[in-house]
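When we follow the UniProt record's numbering, the leftmost residue of the sequence shown carries the number 1, and every step to the right adds one.
We put the CB at the ideal spot given by N, CA and C, even for glycine.
On a predicted model such as this, the values are computed, not experimentally measured, just so you know.
Remarks on the structure that follows.
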Amino acid sequence: MYFNSAFTVMFSVECMLKIMAFGPKNYFRDRWNIFDFITVIGSITDVLVSELQESAFLSLGFLRLFRAARLIKLLRQGYSIRIILWTFIQSIKALPYVCLLITMLFFIYCIVGMQVFGNIKTDPHSQLNNHNNFQTFGDGILLLFRCATGENWQEIMLDCAAGKECEGSGESCGSSYTYLYFSTFNFLCSFIMLNLFVAVIMDNFDYLTRDSSILGPHHLDEFVRVWAEYDPGAT
């Protein structure tokens, strides 16, 4: 509590000094300064509410989020941190295509799984139970997601092998292609599809750090930030 109040006072003094030095017009021209101002107002409100919590009729616990928002100020201090942030932002543009490809893979394998393994009788003592099965599309997607994470996918594969009892009949279910089905799915997801996320992020990080002579949007933001320090009045 005391540390929170101390940091709130420090940030408040910093905000006041900046407004006095740059002037309100130039201060609020910078989006980072606007963020700092909102954070300071929220932090002051958080301290006041914490002091009056016993007599308050309305709980404003969400104001504690402003304490964590102070850490975002670190993005202004380190160039490397901003490069990582820009890498994440640029990667978001390509990630939907990777997600679409993975969705198609899950959809195809789920449809095949429902046709081949949908009639296998569930057993609460096995990996194929009322919550993990191929009887419905939703359960099939969840089961495949579990296999993609590597959780007991071998046991699930063995429970779907040929010779298993069918639901509602004495016939045998399963398929001799079970091992091929689960092995290929696990290989595609674990070693190819999921690594595409890492490949996209690494490719964007390499582009942003490859050559400083190649100008990009992050260089423009850095130029504007440095220029504002030497010419706060934008003269």
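Residue i and residue j closer than 8 angstroms at C-beta
i, j, result
"residue 242", "Leu-95", "An answer regarding residue 242 cannot be provided, because it is not within the stretch 1 to 235 covered by the chain."
"Thr-184", "Ala-162", "no"
"Glu-171", "Ile-120", "no"
"Gly-174", "Lys-164", "yes"
"Asp-36", "Ala-228", "no"
"Cys-15", "Val-49", "no"
Coil, strand or helix - residue i by DSSP
i, result
"Cys-160", "coil"
"Leu-165", "Rather than Leu, the amino acid found at residue 165 in this sequence is Glu. Strand, per DSSP."
"Ser-50", "helix"
"Val-175", "The amino acid occupying residue 175 in the given sequence is Ser; Val does not appear at that position. In the structure shown, Ser-175 sits in a strand (DSSP, three-state: E or B)."
"Ala-56", "Reliability of the predicted coordinates at Ala-56 is poor, the pLDDT of 48 falling under 50, and the value obtained from them is presented with this limitation in mind. In this structure, Ala-56 counts as coil in the three-state DSSP scheme."
"Asp-30", "coil"
Same chain, Cβ closer than 6 angstroms to residue i, five either side skipped, listed in chain order
i, result
"Gly-140", "Cys-110, Gly-113, Met-114 and Phe-134"
"Ala-148", "Cys-189"
"Phe-7", "none"
"Ile-89", "none"
Nonlocal neighbours in the same chain, by C-beta distance under 7 angstroms from residue i, ignoring five residues either side
i, result
"Ser-91", "Val-200, Ile-201 and Asn-204"
"Tyr-27", "Lys-18, Ile-19 and Asn-33"
"Met-157", "Thr-178, Tyr-179 and Phe-182"
"Gly-233", "Asn-26"
Within-8 angstroms CB hit, residue i to chain D
i, result
"Leu-128", "The displayed structure is made up of one protein chain only, and chain D is not part of it."
Among the options, the one whose alpha carbon lies nearest that of residue i
i, options, result
"Trp-86", "Leu-188, Leu-220, Phe-7 and Leu-144", "Leu-220"
"Asn-152", "Asn-132, Ser-43, Lys-164 and Asp-206", "Asn-132"
"Asp-159", "Leu-128, Ile-192 and Asn-186", "Leu-128"
"Leu-186", "Phe-145, Val-226 and Cys-99", "Per the sequence shown, the amino acid found at residue 186 is Asn instead of Leu. Per the Cα distances, Phe-145."
"Arg-98", "Glu-229, Phe-197 and Gly-233", "For the sequence presented, residue 98 should be read as Val rather than Arg. Nearest C-alpha to Val-98: Phe-197."
"Phe-11", "Arg-29, Val-47 and Leu-105", "Val-47"
"Ser-43", "Arg-29, Asn-4, Phe-106 and Phe-22", "Asn-4"
"Ile-192", "Leu-101, Leu-180 and Ile-156", "Leu-101"
"Tyr-207", "Val-40, Ile-84 and Leu-180", "Ile-84"
"Gln-154", "Glu-14, Ser-126, Tyr-230 and Phe-88", "Ser-126"
"Asp-231", "Val-13, Ala-21 and Thr-209", "Ala-21"
"Leu-105", "Val-13, Leu-194 and Glu-222", "Leu-194"
"Thr-103", "Leu-142, Thr-122 and Ile-81", "Leu-142"
Sequence-distant residues of the same chain with beta carbon closer than 8 angstroms to residue i, five excluded per side
i, result
"Pro-124", "Asn-130"
"Val-224", "none"
Check: residue i C-beta below 7 angstroms from any heavy atom of the ligand ATP
i, result
"Gly-163", "Among the ligands in the structure shown, none appear at all, so the ligand ATP cannot be discussed."
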